[in-house]
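Below you'll find the structure, written out as structure tokens, and then a few comments.
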Amino acid sequence: MLRRERAGTLVPGFSRAFIQLEWLADRVRKTEIRQGLVRRFPGFPPAWKELSMLLDDPDERLRAIMRGLEGDPDAEVLAKATLARIVMRTN
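Each number in the working numbering comes from the position in the sequence shown (counting from 1) with 65 added on.
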């Protein structure tokens with residue numbers, strides 16, 4: 066994430082703000098913010114991963130995972146998203 070911020074793909078301070086969302090207790094508000102992030106930064110895989118974990122509909126969740134995988138994720142996000150996709154397909 067910091068790599069993208071330093072490269073200018075993300076605005077300065079984005080990484081810190083993104084991480085602070087972890088502690089937001091209001092699930093509805095957190096989902097709305099994550100949806101706004103993926104609209105504004107559709108090529109940012111961690112936002113899609115985090116959004117997918119907040120979605121209840123399995124089809125929407127899978128779409129979010131797939132969109133995240135399209136955005137050149139780092140190794141950690143790629144591994145988590147791939148595992149989530151496999152689990153969802155077997156359930």
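Think of the CB as a built atom: it goes at the ideal place given N, C-alpha and C, for glycine as much as any other residue.
To the nearest angstrom, report how far apart residue 141 and residue 126 are at their CA atoms.
18 Å
Since residue 134 is in the alpha helix (DSSP H), which residue starts that stretch and which ends it?
123-134
Could you name the residues of the same chain whose beta carbon sits closer than 6 Å to that of residue 69, not counting the 5 residues immediately before and after it, in chain order?
75
Where residue 93 falls, given that 16 or more other Cβ within 10 Å makes a residue buried:
exposed
Can you tell which of 67, 129, 135, 101 has the C-alpha that lies nearest to the C-alpha of residue 153?
129
Pop quiz: residue 102 and residue 112 are said to be a contact at Cβ under 8 Å. What is the actual Cβ separation, rounded to whole angstroms?
4 Å
Would you check if the distance between the CB atom of residue 136 and the CB atom of residue 117 is smaller than 8 Å?
no
Cβ neighbour criterion (16 or more within 10 Å) applied to residue 81:
exposed
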